[in-house]
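Novice:
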């Protein structure tokens with residue numbers, strides 16, 4: 017959001033070349049605030065603001081810009097080397113990942129050899145893995161030191177570490193053997209040995225693990241950071257709580273958007289071009305529209321039945337929306353329960369049994385309401401059809417379609433997850449559309465038996 | 017989730033009275049792990065496990081139980097006083113809040129006077145406010161001390177503080193004037209004065225602020241904790257990152273569930289009784305069903321038109337689902353953008369202009385597909401209707417309903433927020449249902465002009 021109050025002030029300072037004022041902004045405000053206030057500045061204006069802070073400060077502000085702006089700044093900047101060195105490894109890897117391949121590769125030579133190797137390794141992990149999320153700037157201790165020695169080490173490592181509140185203890189081969197918190201360290205006697213103080217109940221994640229599982233573990237144990245290890249329990253990096261919060265928010269946004277039939281839109285959509293927003297939304301709406309065309313095909317198939325009893329066609333939207341609503345509801349519940357780690361695909365029998373009971377009860381509830389309403393159909397609309405027969409058809413159809421929607425909606429997310437597809441797609445309008453079409457078939461099949 | 021491997025082992029230890037083994041479990045495992053493993057234990061079994069740990073340890077495990085289990089343990093326990101004292105104030109308040117009023121009140125006398133007053137104050141804040149989320153166990157420093165003095169104070173306060181990584185600096189009247197991190201403290205020279213070291217760019221929240229805003233602020237600035245102050249900037253408590261993550265997850269769950277037409281279900285729904293699950297889901301489905309009954313009323317109104325051109329009725333589900341889908345899509349986007357703090361109700365003009373353009377483009381896209389499909393209507397279905405006229409009616413209806421759905425879907429969440437209603441309700445199937453009914457009216461009005 018462009019800040020209407022501070023932006024003109026910043027612009028005025030830049031125009032006047034107010035070095036003292038700009039240095040004050042860079043020094044005194046929180047990096048996130050500086051990034052927010054300068055959102056409306058051009059690339060060259062932003063660089064002119066940034067250069068009034070130290071390289072570390074520049075890097076701190078830089079990571080709070082949206083990735084698109086970071087990329088624009090990279091293309092329009094010539095003082096990049098220091099800034100890239102000063103960025104945290106995980107933020108740097110995220111930026112490199114977001115740049116076009118050739119731009120990213122042209123930046124690598126700006127880094128020192130160690131940083132370059134580190135960046136390449138982080139970039140080699142798949143985008144949504146713990147490895148891609150972790151930082152390699154962690155503080156560590158050898159197992160054979162004392163509290164006093166550890167505090168000395170912490171002071172040395174602090175400037176280059178993302179957090180020094182958790183200190184990971186490794187043996188001679190970099191195997192993770194325990195951890196101590198800075199809290200424990202500050203409270204302990206200086207002569208105590210680290211292997212007596214450290215906690216050994218380690219909770220770790222593998223570099224290949226999905227970032228959602230990482231965030232869930234971190235939040236479950238209320239950790240500040242969680243260590244990432246390889247198959248031999250060697251320490252590769254850590255994921256910190258702030259990145260875990262970002263993951264939770266991003267994944268929730270993806271789930272919500274998919275549930276509403278929108279593709280992932282990471283940025284503020286009011287700031288995207290109409291073209292991009294149209295493309296993102298039109299793809300989904302068009303797919304749903306094409307799928308919904310089958311309702312026409314299904315209805316055309318039952319055209320004769322509709323011509324015979326016109327009242328039947330008046331209940332079509334009611335019957336099919338019942339399936340769509342009950343299907344979305346079940347799919348949403350199951351998808352969310354999986355996202356919260358309460359359920360796995362192998363629980364499908366239990367889910368099926370549960371949804372059979374609940375779906376039947378829900379079907380009977382809606383069927384009863386449907387029966388009452390259909391029995392009140394005005395005589396003019398009824399034509400030659402029998403009032404009670406019509407009510408019975410509507411009640412049975414609504415009940416059966418509701419049960420059918422519930423079962424489809426609850427099983428599809430489990431099947432999707434089993435097949436490695438994001439179960440979020442199952443809670444999207446696609447399930448509703450599928451149940452719409454099959455609902456028409458159920459409805460007219462029942463009508464044929466009882467009314468025609 | 018009941019753990020199938022460790023539960024029998026725990027049960028065996030309890031049956032054998034294996035005091036050493038149980039003490040080992042309570043000592044060596046992470047409290048969250050102990051709570052997970054003992055999920056299947058009865059109330060008395062759980063108490064027999066807990067009593068093998070220190071009171072602090074008992075409290076640490078206790079807070080990881082679901083609130084329902086905590087409440088059951090409270091009713092079935094007689095060693096509560098120590099445990100309640102040892103719990104963090106925010107967890108204790110959350111437990112008291114979840115208990116029936118008279119049970120909660122019967123527990124208050126078990127607390128010491130200070131703790132009791134504290135609990136009463138925390139309970140007085142509205143449930144979703146910063147005040148209800150905060151803990152009063154924070155570490156603080158007077159402004160006139162030195163680094164060495166501060167480290168001594170931290171060591172004294174550590175056992176009773178939820179975090180000692182952020183230390184809040186207050187003046188003589190408890191006004192918050194700055195903060196230092198333990199990192200800064202450990203790195204600084206012992207003789208440096210706190211008011212030279214402390215950061216003054218304070219980001220605070222008010223006790224009445226919504227917990228979602230609190231979590232958003234904390235995550236925006238990557239804070240470990242954020243201080244809660246009153247109108248005079250006096251420090252009341254802090255909200256820590258782990259509680260903020262919980263809020264983010266809970267609010268996301270609420271949004272997702274509402275989007276799928278389900279009321280909030282905090283617990284694992286497979287573990288709830290069928291009756292509770294049915295009630296929660298039936299209320300929503302029944303409301304939607306009753307609303308959807310108006311599609312029948314609307315269609316009955318256009319019965320004569322349908323009788324004249326039967327092909328019209330075949331396109332009804334297609335036309336109305338277009339409105340539902342485009343409405344849900346727009347509502348989801350706007351609701352999420354507000355949840356992420358990218359948009360406010362006063363931006364409505366900008367949103368309206370944006371959605372007018374995008375909605376028109378989307379309408380034209382779907383209208384074009386509809387035109388093609390309708391022009392391919394089989395002659396048998398067409399009857400006496402003109403093929404091209406029908407195609408024109410479908411194309412215009414789809415385009416207009418899509419635009420209408422988009423506008424309704426984008427404006428409703430803003431209006432809801434303005435009225436103080438959770439905008440999540442607008443992204444729920446209710447909007448889709450509303451647009452369904454109005455879509456029928458749009459469709460047949462256009463058909464009347466061109467076909468009849």
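Chains as they are written, first to last, in my numbering: chain A, 17 to 468; chain B, 17 to 468. Backbone N, C-alpha and C fix where the C-beta goes; we use that ideal spot for every residue, glycine too.
1. So, does the CB of residue 305/A fall closer than 8 Å to a CB anywhere in chain B?
2. Could you please tell me which residues of the segment 283-304 of chain B, in chain order, have their CB closer than 8 Å to any CB of chain A?
3. Looking at the C-beta of residue 106/A, does it have a partner C-beta in chain B at a distance below 8 Å?
4. Taking C-beta to C-beta, are residue 206/B and residue 164/B nearer than 8 Å?
5. Can the beta-carbon of residue 382/B be found less than 8 Å from the beta-carbon of residue 302/A?
6. Quick check on residue 426/B: buried or exposed, where buried means 16 or more other Cβ atoms within 10 Å of its Cβ?
7. Under the three-state reduction of DSSP, which class applies to residue 111/A: helix, strand or coil?
8. Note down, in chain order, each residue of its chain lying with its Cβ closer than 6 Å to the Cβ of residue 379/B, except the 5 sequence neighbours on either side.
9. Nearest-angstrom Cα distance between residue 62/B and residue 26/B?
10. Would residue 330/B be called buried (16 or more neighbouring beta carbons within 10 Å of its own) or exposed?
11. Taking its Cβ as the centre, do 16 or more other Cβ atoms sit within 10 Å of residue 233/A, making it buried, or is it exposed?
12. Going by C-alpha distance, which of 440/B, 80/B and 169/B is nearest residue 271/B?
13. What's the C-alpha gap between residue 263/A and residue 241/A?
14. For the beta strand (DSSP E) that contains residue 182/A, what are its first and last residues?
15. Among residues of its own chain, excluding the 5 on either side of residue 83/B, which ones have a beta-carbon nearer than 6 Å to its beta-carbon?
16. May I ask you to list, following chain order, the residues of the segment 233-244 of chain A that have a beta carbon less than 9 Å from some beta carbon of chain B?
17. Starting from residue 24/A, follow the beta strand (DSSP E) in both directions and report where the run begins and ends.
18. Can you find at least 3 beta carbon pairs, one from the segment 209-228 of chain A and one from the segment 169-179 of chain A, that sit closer than 8 Å?
19. Please list the residues of the segment 358-387 of chain A that have a C-beta atom closer than 9 Å to any C-beta atom in chain B, keeping them in chain order.
20. When you compare only the Cα positions, how much space is there between residue 102/B and residue 354/A?
21. Using the Cβ count rule (16 or more neighbours within 10 Å means buried), how would you classify residue 409/B?
22. Whose C-alpha, out of 36/A, 44/A, 80/A and 49/A, is nearest the C-alpha of residue 64/A?
23. Report the rounded CA-to-CA distance for residue 46/B versus residue 55/B, giving the unit in angstroms.
24. If we define contact as Cβ-Cβ less than 8 Å, is residue 320/B a contact residue for chain A?
25. Using a Cβ-Cβ distance under 8 Å, would residue 173/B count as near chain A?
26. State yes or no: is the C-beta of residue 96/A within less than 8 Å of the C-beta of residue 126/A?
27. Whose C-beta lies closer than 8 Å to the C-beta of residue 69/A among residues of the same chain, with five residues either side of it excluded?
28. Hey, which unbroken runs of the beta strand (DSSP E) at 3 residues or more fall wholly within the segment 149-236 of chain B?
29. Excluding the 5 residues flanking residue 466/B on each side, which residues of the same chain have their C-beta closer than 7 Å to its C-beta?
30. Among the candidates 286/B, 80/B, 161/B and 448/B, whose CA atom is the shortest distance from the CA of residue 274/B?
31. Is there a Cβ from chain A that is less than 8 Å from the Cβ of residue 26/B?
32. Taking the alpha carbon of residue 284/A as the point to measure from, which residue in 28/B, 300/B and 350/B has its own alpha carbon closest?
33. Against chain B, with Cβ distances strictly below 8 Å, would residue 463/A count as a contact?
34. Which same chain residues end up closer than 6 Å to residue 260/B when comparing Cβ atoms and leaving out the 5 residues on each side of it in sequence?
35. What does the Cβ neighbour count give for residue 18/B, buried or exposed, with the cut at 16 atoms within 10 Å?
36. Is there a C-beta anywhere in chain B that falls below 8 Å from the one on residue 275/A?
Specialist: In short, the structure shows the following:
1. yes
2. 284, 285, 286, 290, 293, 294, 297, 298, 300, 301, 302 and 304
3. no
4. The Cβ atoms of residue 206/B and residue 164/B sit closer than 8 Å to each other.
5. yes
6. buried
7. helix
8. 415, 418 and 419
9. 10 Å
10. buried
11. Buried, since its Cβ has 16 or more Cβ neighbours within 10 Å.
12. In terms of Cα proximity to residue 271/B, the closest of 440/B, 80/B and 169/B is 440/B.
13. 14 Å
14. 182-186
15. 114, listed in sequence order.
16. 234, 235, 236, 237, 238, 239 and 240
17. Taken as a continuous stretch (DSSP letters only), residue 24/A belongs to no beta strand (DSSP E), being part of the alpha helix (DSSP H) at 22-32.
18. no
19. Residues 358, 359, 360, 363, 366, 367, 370, 373, 374, 377, 378, 381, 382, 385 and 386.
20. 33 Å
21. The residue is buried, with at least 16 neighbouring Cβ atoms inside 10 Å.
22. 36/A is the residue among 36/A, 44/A, 80/A and 49/A whose C-alpha sits nearest the C-alpha of residue 64/A.
23. 14 Å
24. Residue 320/B does not count as touching chain A.
25. no
26. yes
27. Excluding positions up to five away in sequence, the list reads 39, 42, 43 and 77.
28. Within the segment 149-236 of chain B, the complete beta strand (DSSP E) segments at least 3 residues long are 156-158, 182-186 and 192-197, listed from N- to C-terminus.
29. The residues are 405, 408 and 409.
30. 448/B
31. no
32. 350/B
33. no
34. 231 and 234
35. At residue 18/B, the pLDDT of 49 sits below 50, so the modelled position is not reliable; the number obtained from the coordinates is stated separately. Classification for residue 18/B: exposed.
36. yes
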